[in-house]
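In the numbering used here, the protein residues as written are 113 to 437. Okay, so here's the structure we're looking at.
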Amino acid sequence: MQSSPNIRHLSHIDCPGGGQVWVEKQTLYVGHMRNPNGTSIYDVSDPRQPRQLHQIEIPTGWHSHKVRVANDIMVVNHERFREGNEDFGGGLAIYDVSTPASPRLLSKWLTAGKGVHRFQFDGRYAYISPTAEGYIGNICMILDLADPTRPEEVGRWWIPGQWQAGGEEYPWSNYVAPRCHHPLRRGNRLYVSWWHHGLFILDIEDMAHPKLIASVNTKPAFPHPTHTCLAMPQRFKGRDVMVVADEDVAKLYPSAPAFAWIYDITDETTPIPISTFQVAGVDTDGQAQIPMMGCHQPSEKLTGSSIVPFAWFAQGLRLVDIADP
């Protein structure tokens with residue numbers, strides 16, 4: 113295993129592939145890509161000797177590849193993944209993990225269609241990307257988990273044209289169907305990736321009625337889908353910046369590997385791309401390459417540093433300093 117001079121390898125966990133890892137206090141939570149493995153929980157109080165505490169399984173036909181924890185509440189997604197158990201249902205499962213070795217299911221929030229792809233959870237609200245009855249593709253939704261045994265929808269937003277049951281005209285018959293990948297909150301804003309429909313900034317001061325502030329779509333000129341829109345918690349060189357990751361999968365046409373963008377959102381009504389980042393040596397000539405050679409996503413748990421950790425598919429973990437955006 114190769115490593116940078118400023119990174120020390122402490123230990124290794126031999127577990128099934130994960131779609132998200134989350135560390136809360138001294139506990140590591142891993143959401144797995146494929147059944148029967150749903151969510152694994154590890155004690156990492158000694159990071160040199162991680163110890164498995166519990167594993168939650170999931171039936172054939174579904175996966176639970178995302179996990180978030182706050183205030184002793186764990187939220188995981190349930191999403192259709194190939195053929196299998198029709199009765200399980202897509203949505204979110206909510207657990208009490210005050211004792212991480214013994215998670216206790218509090219409730220399951222169900223939705224129509226494939227389920228929930230991804231989400232953010234701040235201890236009170238979940239900002240999610242579910243499929244929903246009457247809509248084409250995933251939309252953006254806010255759930256209130258003040259009572260985690262009874263999640264309640266607060267508000268939703270979608271691209272005009274997605275609400276087929278509401279009689280909206282669907283204008284994308286010759287393009288990829290719209291699909292909210294996931295929202296991330298900072299303050300009273302949601303920064304939302306919408307796959308091949310780009311990025312959106314929403315005002316959620318009134319959570320029941322999110323309002324569009326701005327949108328940008330670099331597709332189809334850049335054929336990689338927009339995966340993550342991460343507004344940084346602090347300014348750099350006086351600028352309010354947002355890290356945007358395009359994912360190196362599901363390309364509109366064969367292309368060079370995906371990369372990350374840095375946007376200046378000081379004027380949030382007009383997001384401006386000011387730089388990009390690609391791992392050195394990955395794209396030397398601009399020629400098309402197979403998927404999963406480029407960018408995947410940044411870490412969404414930030415500590416106030418200018419260092420942003422990225423998962424870069426075949427290139428592994430990359431730490432990117434955006435002090436000079």
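Heads up, the beta-carbon is just placed ideally off N, CA and C, and yes, glycines get one too.
{"query": "For Lys363, is the classification buried or exposed, using 16 other Cβ atoms within 10 angstroms of its Cβ as the cut-off for buried?", "result": "buried"}
{"query": "Which partner residues of Asp358 appear in the DSSP bridge assignment?", "result": "Thr338"}
{"query": "Is Gln409 helix, strand or coil by DSSP?", "result": "strand"}
{"query": "Considering Cα atoms alone, identify which of Phe389, Ala343, Asp397 is closest to Thr415.", "result": "Ala343"}
{"query": "Pick out whichever of Tyr375, Ser367, Lys349, Asn147 has its Cα sitting closest to the Cα of Val356.", "result": "Tyr375"}
{"query": "Does the beta-carbon of Val181 have 16 or more other beta-carbons within 10 angstroms, so that it is buried, or is it exposed?", "result": "buried"}
{"query": "Taking the beta strand (DSSP E) that Phe312 falls in, what are its first and last residues?", "result": "311 to 315"}
{"query": "Go ahead and pull the three-state DSSP assignment for Ala426.", "result": "helix"}
{"query": "Can you tell me which of Ala213, Glu169, Ile185, Asn286 puts its alpha carbon nearest to the alpha carbon of Ala258?", "result": "Ile185"}
{"query": "At which residue ranges does the stretch 181 to 252 contain complete beta strand (DSSP E) runs of 3 or more residues, listed in the order of the chain?", "result": "185 to 192, 202 to 208, 216 to 223, 228 to 233, 237 to 242"}
{"query": "Where does Gln276 sit, in a helix, a strand or coil, going by DSSP?", "result": "helix"}
{"query": "Pull up the distance between the alpha-carbon of Val288 and that of Trp275, whole angstroms please.", "result": "16 Å"}
{"query": "Which stretch, first to last residue, makes up the beta strand (DSSP E) that contains Phe389?", "result": "384 to 389"}
{"query": "Roughly how many whole angstroms lie between the Cα atoms of Ser367 and Leu314?", "result": "31 Å"}
{"query": "Mind reading off the beta-carbon distance from His336 to Ser305? Whole number of angstroms is fine, and I expect it under 8 Å.", "result": "With a Cβ gap of about 11 Å, His336 and Ser305 do not count as contacting."}
{"query": "Identify which residue in Ala400, Lys137, Thr382 has its Cα closest to the Cα of Ser210.", "result": "Lys137"}
{"query": "Is there contact between the stretch 219 to 231 and the stretch 154 to 169, where contact requires at least three CB pairs shorter than 8 Å?", "result": "no"}
{"query": "Is the beta carbon of Glu169 sitting closer than 8 Å to the one on Gly150?", "result": "yes"}
{"query": "So, Pro263 versus Asn250, is the Cβ gap smaller than 8 Å?", "result": "no"}
{"query": "Which residue or residues does DSSP assign as beta-bridge partners of Tyr375?", "result": "Met354, Pro385"}
{"query": "CB Met405 to CB Ala423, shorter than 8 Å?", "result": "no"}
{"query": "Using a Cβ-Cβ cutoff of less than 6 Å, which residues in the same chain neighbour Pro385 once the five nearest sequence positions on both sides are dropped?", "result": "Trp373, Tyr375"}
{"query": "At which residues does the beta strand (DSSP E) containing Ser305 begin and terminate?", "result": "301 to 305"}
{"query": "If you compare alpha carbons, which of Val391, Tyr303, Asp318, Ser116 is closest to Pro345?", "result": "Tyr303"}
{"query": "Per DSSP, Ala343 forms a beta bridge with which residues?", "result": "Met354"}
{"query": "Provide the residue span of the beta strand (DSSP E) that contains Ile325, from first to last.", "result": "323 to 328"}
{"query": "So what does Gly267 bridge to, in DSSP terms?", "result": "Ile254"}
{"query": "Give me the residue from Ala213, Pro212, Asp208, Asp352 with the minimum Cα distance to Ser219.", "result": "Asp208"}
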